[in-house]
Amino acid sequence: MKLYSNFKFHIFYTAFVFCLIFFLTQKHYINAFNPNLPNNKYGIHFALPNLDDLVKAKELINSNGGDWGYVTLVIPENDRDKNKWQEVFDRMRELHLIPIIRLATVAQDAKWRRPAAEDADAWVNFLDSLNWVVKDRYVILFNEPNHGAEWGGSVDADNYTEIGLTFARKLKEKNQDYFIMLAGLDASAPNSLPQFQDESVFLSQVFNNKTIEQWNKLLSGFASHSYPNPDFSASPYNLGRGSIRSYEWELNFLKQLGVKELPVFITETGWRRGDESSIADYLKAAYGEVWLPDDRVVAVTPFVFDYQGEPFLNFSWKKYQNEDFYPQYYAVQSLTKVSGMPKQIEKGVIEFDFPKELVTQSSYRFSVKLRNLGQAVWDKDFGYQISVIDQDEKNLEFFTSDLKRVKPFAETELDLYLKTSNLLGKGKVQTVLSKFGQIVIDGGFWEFETYPLPSLNFQASLFPKFQSAGEDFELQIFNNREEIVFKKKSVKVKDGKGLIEEVQNVALGRKYRVVLLKPYYLPRQVFVTFAKGVNSVLFERMLPLDFSPNGKLELADFTTLIQNPQLINLLSP
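Encoded structure:
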């Protein structure tokens, strides 16, 4: 019995280890969208990218409390211009608009060219060359392939499946952040091959026993074209397939096919031209009573922001040959929205060269260099700031200048202001970039030690005096930025010697320019690297030639001397 029990244990253990190894060696693609983060579902669909229109889109979907809405954009294969699209992405980054990219081929006669598997590499290389706006790279694999005109002239679900899997696989292999969605389908298309195919039949061929496992690994979301049919003019309160709730029918059908649960992106919807006030009311009802309350819906981008000709003139939110918009624009603009918080890749470098030895009861100004290598625009208004975390609680006071519009791949320099207390000893602080109080980039640690204030003995002589003395000397200390960091007036000099008992605001081991002033004498300077304790310097003999006085020798000094002959006494021993 004991041997049998051991045998069963070894069999169980071996099977467990085998399953674990198998699981760990498989490619598991993770859905990156985080439903727990605030999300602004409002969006709009663009036919063509336009930088000026992006501003109007922001005013539409990021209005009334909103931030980080969505814009669906179409990229044809003959428009893969990296500079152009990077400019579009960068503008969207500044405006807080999230791109949803739909791939397209090129129009040939009255149809779109059918893509080929070998096209995938060019698309992957192009898309990967862009610095995306947010971490999730939303990509839709073409458009309504259950229309023959969208797929080279004839519907072919098997071919779409082959092409789609190839594109999805290569995109995911290149970067796990690609958020892959199938093409949105026409839920109202008839079953009339080769021109059209019923969506349920098409989906059944795409998600078959041979492909379902692959799709469940590769897909991250589902793109839906939930139009209010018939005739794009039905009530928003209609239910089921062919309504603005078509996505509900689609999700139920996908579940029957074994497709995992997917978040929904309604990338096309909307009403054709009709009674304008009714359309505006329909959209308000659709958002408020259907799309917003449904947690499965991530984004809704109605079709289309601006289209100035057939066949989509009657869907345009922008008026024909006019800069104004139809009432639906202003109706949606007025709706209360959420400030979204999409995940962005934060990457950058924080550089500083702070001194290792400070002194007590002093104030400093240091430089911090930043290089933005990520996706976000670093700005105080977006919650970003340089922070200093005091690890040893040395009662140091810090504050920094504000971050303003530091775009990706840009560099900037900030001021860090520091004030020491009267505490001595070693300290350690961490310099970080934070967003709303959360650390996003760690700049590393700065270790230092705080010492007592140093003193400065100096020797000075006045030409042509035999005895150099006075109580009207002034001593100034400048840092390497030529900023005055210390100044003391009414300094006493006796027998050519003076003393500053406590010098504040200097870093030990750093070089400073020390200037000695006296009325009517040209200033003298020396360079000093301060050390702990007593520091000593010798100034060159001071000349009584600054009669103006302005710190330099010029013709005006002689004019002043003539006007004030008593100043000649300065030249007597």
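For the sequence shown, counting from 1, position 247 maps to 233 in this note's numbering; every step adds exactly one.
A virtual CB, placed ideally from N, CA and C, is assigned to each residue, including glycine.
Residues bridged to Tyr164 [DSSP beta-bridge criterion]:
Start at 1 with the first residue of the sequence shown, and residue 164 comes out as number 178. Partner(s): Arg123.
Beta carbon of Lys478, beta carbon of Leu461: below 8 angstroms?
The residue labelled residue 478 in the question sits at position 492 within the sequence shown. The residue labelled residue 461 in the question sits at position 475 within the sequence shown. In this structure, Leu461 does not lie closer than 8 angstroms to Lys478 by Cβ.
Identify whether Pro509 lies in helix, strand or coil by the three-state DSSP scheme.
For the purposes of this step, residue 509 is taken as residue 523 along the sequence shown, with counting starting at 1. Assignment of Pro509 by DSSP, reduced to helix, strand and coil, places it in the strand class.
Contacting residues, own chain, Cβ-Cβ under 6 angstroms from Tyr146 (five flanking each side not counted):
The residue you call residue 146 lines up with position 160 of the sequence shown. If we look at Tyr146 and ignore the five residues flanking it on each side, its Cβ neighbours are Pro131.
From Asp172 to Phe368, what does the alpha carbon distance come to, in whole angstroms?
Here residue 172 is taken as the residue at index 186 of the sequence shown, counted from 1. Here residue 368 is taken as the residue at index 382 of the sequence shown, counted from 1. Rounded to whole angstroms, Asp172 to Phe368 spans 39 angstroms at the Cα level.
Reduced DSSP category for Met78 - H, G, I as helix; E, B as strand; rest coil
For this step, residue 78 is matched to residue 92 along the sequence shown. If DSSP states are grouped into helix, strand and coil, Met78 belongs with the helices.
Kindly list the residues whose CB is nearer than 7 angstroms to the CB of Asp376, restricted to its own chain and excluding five residues on each side of it in sequence; keep chain order.
As a position in the sequence shown, residue 376 is number 390, starting the count at 1. Within the same chain, Asp376 has close Cβ partners Leu382 and Val415.
Residues that Lys304 bridges to, as DSSP identifies them:
One-based indexing of the sequence shown puts residue 304 at position 318. DSSP, once it has assigned bridges, lists Phe311 as partnering Lys304.
To the nearest angstrom, report how far apart Phe395 and Gln307 are at their CA atoms.
Residue numbering aside, residue 395 sits at position 409 when the sequence shown is read from its first letter. Residue numbering aside, residue 307 sits at position 321 when the sequence shown is read from its first letter. C-alpha separation (whole angstroms): 39 angstroms.
Would you call the region 212 to 226 in contact with the region 154 to 161, where contact means no fewer than 3 C-beta pairs closer than 8 angstroms?
no
Taking contact to mean at least 3 C-beta pairs separated by less than 8 angstroms, is the region 93 to 102 in contact with the region 64 to 73?
no
Flag this pair as yes or no: are the beta carbons of Thr436 and Leu409 separated by less than 8 angstroms?
Position 450 of the sequence shown, counted from the first residue, corresponds to residue 436. Position 423 of the sequence shown, counted from the first residue, corresponds to residue 409. For Thr436 and Leu409, yes; Cβs fall inside 8 angstroms.
Counting pairs of Cβ atoms below 8 angstroms between the region 449 to 457 and the region 354 to 365, do you hit three or more?
no
Does chain C have any CB closer than 8 angstroms to the CB of Gly139?
Included in the structure is just one protein chain, with no chain C present.
Where does Ile372 land, buried or exposed, given buried means 16+ other C-beta within 10 angstroms?
Taking the first residue of the sequence shown as position 1, residue 372 is located at position 386. With 16 or more other Cβ atoms from the protein chains shown falling within 10 Å of its own Cβ, Ile372 counts as buried.
Alpha-carbon to alpha-carbon, Lys366 and Gly139:
Within the sequence shown, the letter at position 153 stands for residue 139. Within the sequence shown, the letter at position 380 stands for residue 366. Cα to Cα, Gly139 sits roughly 52 angstroms from Lys366.
Can you look up Gln552 in the DSSP assignment and give me helix, strand or coil?
If you number the sequence shown from 1, residue 552 lands on position 566. Secondary structure of Gln552 (DSSP, three-state): helix.
Relative to the C-alpha of Tyr315, which candidate in Asp144, Pro21 and His31 has its C-alpha closest?
To locate residue 315, count along the sequence shown from 1; it is residue 329. The residue with the shortest Cα to Cα distance from Tyr315 is His31.
Anyone know if the C-beta pair for Ile87 and Ile126 falls short of 8 angstroms?
Locating residue 87 in the sequence shown gives position 101, counting from the first residue. Locating residue 126 in the sequence shown gives position 140, counting from the first residue. Closer than 8 angstroms, so yes.
Runs of 3 residues minimum, wholly inside the region 456 to 519: which ones carry the beta strand (DSSP E) assignment?
Whole beta strand (DSSP E) segments, 3+ residues: 456 to 464, 470 to 480, 483 to 486, 497 to 504 and 507 to 515.
Could you pull out every residue in the same chain whose Cβ sits closer than 6 angstroms to the Cβ of Phe289, ignoring the five residues on either side in sequence?
Counted from its first residue, the sequence shown places residue 289 at position 303. In chain order, His31, Glu254, Gly256 and Phe301 place their CB closer than 6 angstroms to the CB of Phe289, counting only its own chain and leaving out the 5 sequence neighbours on each side.
Beta-bridge pairing of Glu337 - partner residues as DSSP gives them:
Taking the first residue of the sequence shown as position 1, residue 337 is located at position 351. DSSP lists Lys355 as partners of Glu337.
Would you mind working out which of Gly519, Thr515, Pro505 and Tyr273 sits nearest Phe533, comparing C-alpha positions?
In the sequence shown, the residue the question calls residue 533 occupies position 547. Residue Pro505 is the option with its Cα nearest to Phe533.
By DSSP, does Pro399 sit in helix, in strand, or in coil?
Walking along the sequence shown from the start, residue 399 turns up at place 413. Residue 399 is actually Glu in this sequence, not Pro. Residue state, collapsed to three classes: strand.
Let me confirm a value: Glu487 is counted as buried when at least 16 other C-beta atoms fall within 10 Å, else exposed. Which label applies?
For the purposes of this step, residue 487 is taken as residue 501 along the sequence shown, with counting starting at 1. Label assigned to Glu487: exposed.
Find out if the Cβ-Cβ distance for the pair Trp277, Lys27 is shorter than 8 angstroms.
For the purposes of this step, residue 277 is taken as the residue at position 291 of the sequence shown. For the purposes of this step, residue 27 is taken as the residue at position 41 of the sequence shown. Contact flag set, yes.
For Val492 and Pro24, believed in contact at Cβ under 8 angstroms, the rounded distance
Residue mapping note: residue 24 aligns to position 38 of the sequence shown, counting from 1. Residue mapping note: residue 492 aligns to position 506 of the sequence shown, counting from 1. Actually they are not in contact, since the Cβ atoms of Pro24 and Val492 sit about 48 angstroms apart, beyond 8 angstroms.
Keeping to the same chain, check which residues put their C-beta closer than 8 angstroms to that of Leu204; ignore five residues upstream and five downstream.
Numbered from its first residue, the sequence shown carries residue 204 at position 218. Here the set comprises Tyr15, Leu151, Ala154, Arg155, Lys158 and Ile166.
Kindly indicate which three-state DSSP category Pro559 falls into: helix, strand or coil?
The residue given as residue 559 occupies position 573 in the sequence shown. Residue state, collapsed to three classes: coil.
In its own chain, which residues sit with a C-beta less than 8 angstroms from the C-beta of Ala102, not counting the 5 before and 5 after it?
Your numbering for residue 102 matches position 116 in the sequence shown. Within the same chain, Ala102 has close Cβ partners Ile149.
Can you tell me whether Phe384 is helix, strand or coil according to DSSP?
The residue labelled residue 384 in the question sits at position 398 within the sequence shown. Strand at Phe384.
For a test of the three-state rule: what should DSSP assign to Asn521, helix, strand or coil?
Residue mapping note: residue 521 aligns to position 535 of the sequence shown, counting from 1. Collapsing the DSSP output to three states places Asn521 in a strand.
Secondary structure at Gln200, three-state DSSP: helix, strand or coil?
By 1-based counting over the sequence shown, the position of residue 200 is 214. It is helical.
Length of the line joining the Cα atoms of Thr417 and His82
Your numbering for residue 417 matches position 431 in the sequence shown. Your numbering for residue 82 matches position 96 in the sequence shown. Each residue's alpha carbon lies about 27 angstroms from the other.
Going by DSSP, what residue range makes up the alpha helix (DSSP H) through Ala43?
Sequence index remark: in the sequence shown, residue 43 carries index 57 (1-based). Where Ala43 is concerned, the enclosing alpha helix (DSSP H) stretches over Leu37 to Ile47.
According to the Cβ coordinates, are Pro438 and Val489 closer than 8 angstroms?
Counting from one through the sequence shown, the residue named residue 438 turns up at place 452. Counting from one through the sequence shown, the residue named residue 489 turns up at place 503. The answer is no: Cβ separation not under 8 angstroms.
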